[in-house]
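Encoded as structure tokens, the structure appears first; notes follow it.
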């Protein structure tokens, strides 16, 4: 099973899912989570821009190669919404994955439930912790429930 | 060849097909056939629900990850209708597979033939025993007929 | 908006939806609801069969032209499950529509909720009465809520 | 040309686009912009829920019928991000439209440019005012530039 | 309903279907049935060829515009196999339509049944007379059986 | 029939095709053929750019809305290669249309035949004059040959 | 590269292609070429039929599982037309493959060129001998020409 | 990751990308870059043609098997435009890849920027040197920036 881990990049949720799923035979992919590299990749490789808008555009378009490849090859897309920032790219990825008919697992705290209701409604599972995501993946692959 | 075995979970038909097809190089997948786990997986992982409707919804949505992955990656989808229960999920899977253009083998006793006529009409083969399904798979893969 | 009304053919639920949606600009389609004609159409047009199985096959394949055309051109597919019969063709239609990414409204009484949990989980709305279906369609088209 | 107007529902940007595009032969569609109706439609039609989560789910799933129909039939999807709220459903719609290969016009103020860089990178045009969107639509349809 | 009438061009079967279906609201399309024009269209418009092979290629490629448009826009594709000639283009059209998921009605005499078994197996209906095809179309559209 | 006329914008070939096809019921679409407007549309509407590269990008992305809409809705795409300039956008449109399975007619003088061999090989017809294109369209629609 | 070898089953053309392509890394698939098994597989496995029509149907539907799997997974479909029989299934396969956008190589003697002009027009290459097909495959994979 | 290298065949840009990407796990494919073989492959294998037009057609159609296979299986398509020739096949490939939703990297010198503006607008990255393409691939796969 291939799983793409989209969204928030400031906590260790990806590591917790990947280590929890150890032994299940899941192949994980994810965006570049080095914030500075992700922001500057376009100009670092293809030359500087005076305007921040095009600086951002060059980077976002390059990152989209990785994102698109990750989502399109995934069986399951997990999207994490954290407590900070707008995280519109996370919601964009969720919509992109939904339109492709991918199975979606959304991961967020209860405070965001109302704001994410349209996103959650497109999902197969809504989890509050990375460990619940691991339990979902283990159940889907092995039929085993936790505990 | 990848074969998804959908439908009835109370008899040993899957085992009979899998053991009969031993050596043919077929990779089988199937839904979780532990009835209790299948019913309760959603709440066991993501927390309890007071209403049975949402208890069921959480489980069915989670199970759909496995079902969708199994059907979409399959070359052939076998759907078994047994003697009991409504088995609407089996017919749903058959319709889902048909719309994706998957090859379908339907497995049921003669008593259900009239009720299943629309489903049978979408199928490549209608069998009465698991052994006939094995004979179909062997023929499709090797060109060898039984006997 | 185009709506296909699939499923149970022994009560007046289609008429109640169509009259309730009068003035909304909805175009409805449905299977042939004359039970005898639907069963016998194949042999009546293309000649008799000795075996009931092929009698049924000829009819089901012919009816599939209408069903497929109705579902594929629909924006919304409503599937009604009644109290009697196996109704596997209704569940097949629901699966077919779901795989095509159609919006689904499922209509059934509370007694069938558990047996239909996989079908309901693929739906945008689960209603208990034809009037609720009408309210859904009116809301989707006009934004107006009942009452 | 069919244009779907997604996103922020608290200012008059839709009206400004629709009136500005008067005479161009554009057919506009949009989500239900009555905030209360949009939040409560599910329970108002299909019955109350004790939990806010399922109250929201019922509404979001029903609204998705309209959203999906609007985006899938559109030639161009315009997505507006305002100054307030998370607006994850707007970004979700943008991702959904992008995956379907729809032409995208994103409308937002310069303050949001960095946070929206992935969304903007998927767009054909990024505008700051509704009038610029109108100018884009007019140019695309008639070849005429403003002024 | 849109119906494409493919295949044999030497008898009046198309006229019999079109006149029989009068009043049903069916829009028919078909290949160019003027044999000489169909064979020579390419060189007549784009200049002569010394080799018969390229003479044929120019015509066949041009005719393919009409064939493709007819099949792709059709709800139902009727393919007629007559008593003479190889008629490989008819079988090619049937395969093309089947791969696109079109409803198929095959029209041929009983003598060809064995040679057409793979084609018939992909069809919704196999008829022996144009009148049976009309009866199929009428039933599919109105639910009325003949007689 | 819908026909998109892509490519060279400095001669009157579009007018000759459109007037020649008068009465055939063809709906034509085309890119904006005002060269200056096409080059400057992006900055004229969304504000100036210092760099020519982004000036061009803004315009090309906006023009792509019209191009994509024209090609995707077309039954036939005609692509004209003239004697001057690189005309890479014309070849790009041809490739885009080919990948979508559109019928292609390529229009160019004999001097370009070798350089266009890959493009011609994807086409249904290769014409040297606009009048030949008209003859192709008339034949495809009516079965009538010129003369 | 995966190549499906469709069509005539009475000469050794498949063996000649497979042995000629030895070492190129091509995986070949083909229909069941045991004529008797192919005709009788349906009834041999699923029980006899009184009518030849349904005897044939059962077999053809079962064989279609193998055919569909072979064509859909192929990069190149080779279709051979021999000197005898109607071979409508070969032309059907060619049409099916063409509609899926598969690369096609057609193999036939010059006598059939006119009758196959529509099929040839959909092909990437038209060969007269199995050795030419091998040369095509070798060139496509290695860039080496014969001699 | 699979990368198809389309376009100019007279400089060593492919070798520079392939050697630069050594160790990244990228599988590269490309057209036949032996100009004479590419031009003559059709007639060398399938027999000579008097007319240059059909000589070219036979070769271009055969080469299209390789091109199509390369583009359709690629995650990323790199298209190089050199200083000479029309290179319409390069632009055709770019359009073909864009319509299939492939990630695109365009490689050309600054002199061609204006003529390629429509092609560049469909790309994820526009590079001036093969080394920049390598840096893009390395970043997309590993998240590492150069230097």
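Protein chains in written order, with the working numbering: chain A, 1110 to 1256; chain B, 1110 to 1256; chain C, 1110 to 1256; chain D, 1110 to 1256; chain E, 1110 to 1256; chain F, 1110 to 1256; chain G, 1110 to 1256; chain H, 1110 to 1256. Note that beta-carbon positions come from the ideal geometry of N, C-alpha and C, so glycine has one too. The structure presented is a predicted model; accordingly, all values stated were derived computationally and were not measured.
{"Query": "Within 8 Å of chain C by C-beta, residues of the segment 1149 to 1175 of chain B in sequence order", "Result": "1161, 1162, 1165, 1166, 1168, 1169, 1170, 1172 and 1173"}
{"Query": "CB contact below 8 Å: residue 1123 (chain B) versus chain A", "Result": "no"}
{"Query": "Proximal residues to residue 1253 (chain H) (C-beta, below 7 Å), its chain only, five neighbours per side dropped", "Result": "1247"}
{"Query": "Per DSSP, cross-strand counterpart(s) of residue 1216 (chain E)", "Result": "E:1189 and E:1236"}
{"Query": "Cβ of residue 1177 (chain F) within 8 Å of any chain D Cβ", "Result": "yes"}
{"Query": "Residue closest to residue 1193 (chain B), alpha-carbon to alpha-carbon, out of B:1160, B:1119 and B:1114", "Result": "B:1119"}
{"Query": "Three-way DSSP call (helix, strand, coil) for residue 1112 (chain E) in this model", "Result": "strand"}
{"Query": "Span separating the alpha-carbon of residue 1162 (chain E) from that of residue 1256 (chain H)", "Result": "59 Å"}
{"Query": "Residue 1136 (chain D): first and last residue of the uninterrupted beta strand (DSSP E) it sits in", "Result": "1136 to 1138"}
{"Query": "Pick from B:1142, B:1184 and B:1165 that is closest to residue 1211 (chain B), judged by C-alpha positions", "Result": "B:1184"}
{"Query": "Min CB distance residue 1141 (chain D) to chain C below 8 Å", "Result": "yes"}
{"Query": "C-alpha gap between residue 1182 (chain G) and residue 1201 (chain E), whole angstroms", "Result": "20 Å"}
{"Query": "Where residue 1205 (chain A) meets chain D, residues with beta-carbon distance less than 8 Å", "Result": "1204, 1205, 1207 and 1208"}
{"Query": "Environment of residue 1263 (chain E) [buried if 16+ CB atoms lie within 10 Å]", "Result": "Nothing about residue 1263 (chain E) can be read from this structure; chain E reaches only from 1110 to 1256."}
{"Query": "Short CB-CB distance (under 8 Å) between residue 1199 (chain D) and chain C", "Result": "no"}
{"Query": "Where the alpha helix (DSSP H) through residue 1141 (chain H) begins and ends", "Result": "Counting along the chain, residue 1141 (chain H) falls outside any alpha helix (DSSP H), and DSSP gives it neither H nor E."}
{"Query": "Whether residue 1216 (chain C) touches residue 1186 (chain C) by CB criterion (8 Å)", "Result": "no"}
{"Query": "The segment 1131 to 1145 of chain B contacting the segment 1111 to 1118 of chain B, beta-carbon criterion three pairs below 8 Å", "Result": "yes"}
{"Query": "Contacts of residue 1146 (chain E) in chain F (Cβ-Cβ under 9 Å)", "Result": "1248, 1252, 1253 and 1254"}
{"Query": "C-beta atoms of residue 1189 (chain H) and residue 1173 (chain H) nearer than 8 Å", "Result": "no"}
{"Query": "For residue 1155 (chain A) and residue 1241 (chain H), believed in contact at Cβ under 8 Å, the rounded distance", "Result": "6 Å"}
{"Query": "Cβ pair residue 1245 (chain H), residue 1230 (chain H) closer than 8 Å", "Result": "no"}
{"Query": "Spatially closest choice to residue 1221 (chain G) from E:1195, E:1128 and E:1125, by CA coordinates", "Result": "E:1195"}
{"Query": "Residue 1244 (chain A): contacting residues in chain B (beta-carbon distance under 7 Å)", "Result": "1154"}
{"Query": "Own chain, CB closer than 8 Å to residue 1134 (chain B), minus 5 neighbours either side, in chain order", "Result": "1110 and 1250"}
{"Query": "Top-ranked residue by Cα proximity to residue 1151 (chain B), from C:1238, C:1227, C:1213 and C:1243", "Result": "C:1227"}
{"Query": "Proximity to residue 1180 (chain E) [Cα-Cα], best of E:1213, E:1225, E:1223 and E:1146", "Result": "E:1213"}
{"Query": "Backbone CA spacing between residue 1143 (chain E) and residue 1117 (chain F) [nearest angstrom]", "Result": "35 Å"}
{"Query": "CB contact below 8 Å: residue 1234 (chain G) versus chain H", "Result": "yes"}
{"Query": "Below-8 Å beta-carbon distance, residue 1229 (chain F) vs any chain E residue", "Result": "no"}
{"Query": "Exposed unless 16 or more other CB atoms sit within 10 angstroms - verdict on residue 1218 (chain B)", "Result": "exposed"}
{"Query": "Cutoff 8 Å: residue 1225 (chain G) Cβ touching any chain E Cβ", "Result": "yes"}
{"Query": "Top-ranked residue by Cα proximity to residue 1148 (chain G), from E:1232, E:1238, E:1223 and E:1237", "Result": "E:1223"}
{"Query": "Own chain partners of residue 1170 (chain D) with C-beta closer than 6 Å, once the 5 adjacent residues on each side are dropped", "Result": "none"}
{"Query": "C-alpha distance - residue 1209 (chain F) paired with residue 1203 (chain F), whole-angstrom precision", "Result": "10 Å"}
{"Query": "Contact set between residue 1130 (chain D) and chain A, taken where Cβ atoms lie within less than 8 Å", "Result": "Neighbours of residue 1130 (chain D) on chain A: none; closest Cβ ~25 Å, over 8 Å."}
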